[in-house]
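For reference, the structure discussed in these notes is given below.
In our numbering, the protein residues as written are 922 to 1053.
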């Protein structure tokens, strides 16, 4: 099976967010992004998860108020092909968060399935593949 297979029974989750320290349910900023964009979790490339993890830690540890508005001032959302997305720093600006852009080999092969009916609102957009 591939990470982008579609199923009425199973939801595909990437392993990246959990390997770097996220727990499910995702924090407010991260969840707001997926709700607002309608993207599903598996469409986010590892770099996006590292950026969200860093921003969520800044919010939690420093008490800095970072929302969607501030995030869009830092990054552009870019389609990387095959319905996968990443953040790209704004043209002419330095990268806001260093060491988040490392190349991840085989990240598309690192996923797991969760039964859709085991998650409240399992048909919400973040759980549905939007290819096409």
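We treat Cβ as the ideally placed atom computed from N, Cα and C, and that holds for glycine.
| request: Note down the Cα distance separating residue 1012 from residue 1019, rounded to an integer number of angstroms. | output: 16 Å
Self-check item: Nearest neighbour of residue 992, chosen from 934, 976 and 1007 [CA to CA]
Solution: 976
Applying the 10 Å Cβ sphere with the 16-neighbour rule, what's the burial state of residue 941?
exposed
Taking 7 Å as the cut-off, decide whether the C-beta atoms of residue 989 and residue 1022 are in contact. no
Worksheet item: residue 934 to residue 981, Cα distance in whole Å?
Response: 24 Å
- Task: Look at residue 1037 and residue 932 and say whether their C-beta atoms are less than 7 Å apart.
- Result: yes
Query raised in the report: So, are the CB atoms of residue 1031 and residue 936 less than 7 Å apart?
Result: yes
| N-terminal and C-terminal residue of the beta strand (DSSP E) that residue 1008 is part of | 1006 to 1010
Local conformation of residue 957 per DSSP, three classes
helix
Item to check | Other residues of its chain near residue 953: CB distance less than 7 Å, five sequence neighbours each side excluded | outcome: 989
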